[in-house]
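What follows is a set of notes on a single structure, which appears directly below.
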Amino acid sequence: MPTKRGRKPLNKNVIRATASIPSDIYASLQNIAKQKKVSVAWVIRDATEKYIADQWPLQSENKL
Numbered sequence: 009m010p011t012k013r014g015r016k017p018l019n020k021n022v023i024r025a026t027a028s029i030p031s032d033i034y035a036s037l038q039n040i041a042k043q044k045k046v047s048v049a050w051v052i053r054d055a056t057e058k059y060i061a062d063q064w065p066l067q068s069e070n071k072l
């Protein structure tokens with residue numbers, strides 16, 4: 009079995025996902041990340057959590 013490179017996830021429940029994002033939206037994500045001094049991945053995770061909480065409030069109560 010090949011070994012994986014890079015850091016191991018802190019949480020074993022983490023799943024890596026790939027998405028295509030239009031360049032203008034990605035530029036906005038980069039600007040937000042720079043202002044908050046966090047990674048683009050953090051901004052995406054934060055936005056995703058907020059979207060789920062807004063769309064499905066009961067689902068967000070049961071997370072982690």
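Here the working numbering runs 8 ahead of the position in the sequence shown, where the first position is 1.
Cβ coordinates follow ideal geometry from the N, Cα and C atoms, glycine included.
Here the structure is a predicted model, which is why all the values come from computation and not from measurement.
Point to revise | Reduced DSSP category for Ile-23 - H, G, I as helix; E, B as strand; rest coil | key: The residue given as residue 23 occupies position 15 in the sequence shown. DSSP places Ile-23 in coil when its eight states are reduced to three.
Check your understanding: For the alpha helix (DSSP H) that contains Val-46, what are its first and last residues?
Key -> Mapped onto the sequence shown, residue 46 falls at position 38. No alpha helix (DSSP H) holds Val-46; DSSP gives it neither H nor E.
Practice item. In angstroms with no decimal places, state the Cα-to-Cα distance between Ala-61 and Asn-39. Key: For the purposes of this step, residue 61 is identified with residue 53 of the sequence shown, where counting begins at 1. For the purposes of this step, residue 39 is identified with residue 31 of the sequence shown, where counting begins at 1. The straight-line gap from Cα to Cα measures roughly 24 Å.
Practice item. Taking Ser-47 and Ala-55 to be in contact with their CB atoms under 8 Å, please state how far apart those CB atoms are, rounded to whole angstroms. Key: Along the sequence shown, read from residue 1 onward, the residue named residue 47 stands at position 39. Along the sequence shown, read from residue 1 onward, the residue named residue 55 stands at position 47. Rounded, the Cβ-Cβ distance is 13 Å, inconsistent with contact.
Practice item. May I have the straight-line CA-CA distance separating Ile-29 from Leu-37, to the nearest angstrom? Key: If you number the sequence shown from 1, residue 29 lands on position 21. If you number the sequence shown from 1, residue 37 lands on position 29. Ile-29 and Leu-37: Cα-Cα distance of roughly 10 Å.
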